[in-house]
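The sequence shown begins at 1147 in this note's numbering and counts up one residue at a time. Note that CB positions come from ideal geometry on N, CA and C, so glycine has one too. Since we're looking at a predicted model, the values are computed, not measured. I have placed the structure first, in the form of structure tokens, so that the comments after it can refer back to it.
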Amino acid sequence: MSNLARKLNQKQITDLQPRPSIKKKEKKQSKITTFEKILYVSFIFVCFFIGTKIIRTQAAIFDTNIKIENVKNDVAKQKQHNSELKMKVDELSTYDRIWKKAKELGLKIDSNNVKFTDTSN
């Protein structure tokens, strides 16, 4: 055979052989659908929001408890101060002390100058 016949024969043989096709890259199908992705993201957002809300509420409760304790301490201090003042008033308003002070200021008892009023009408 001639060289030309060989080329023709080889060409026929190569034409008969299947050519390797160029495969297009197929996208890998995700096992998670778009709807599930949206659900997961929204679930994470809701968890974050609820966690933040809980922490904020606990901080507000803590702050309120501190304020309540401060008010209780102020009330206790004021009660102590009031009881001290009441004791001082009781001490200063005794009959003997008033009588001594009256004598120092020059007050004298005059039984003729005493008037009785009758309020039983």
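Close beta carbons around residue i, own chain, < 7 Å, minus the five adjacent residues each side
i: Lys1249; result: none
i: Lys1261; result: none
For residue j and residue i, the rounded distance between their alpha carbons
i: Ile1196; j: Glu1215; result: 29 Å
i: Ile1178; j: Lys1213; result: 51 Å
i: Gln1226; j: Gly1252; result: 37 Å
i: Asn1258; j: Lys1218; result: 56 Å
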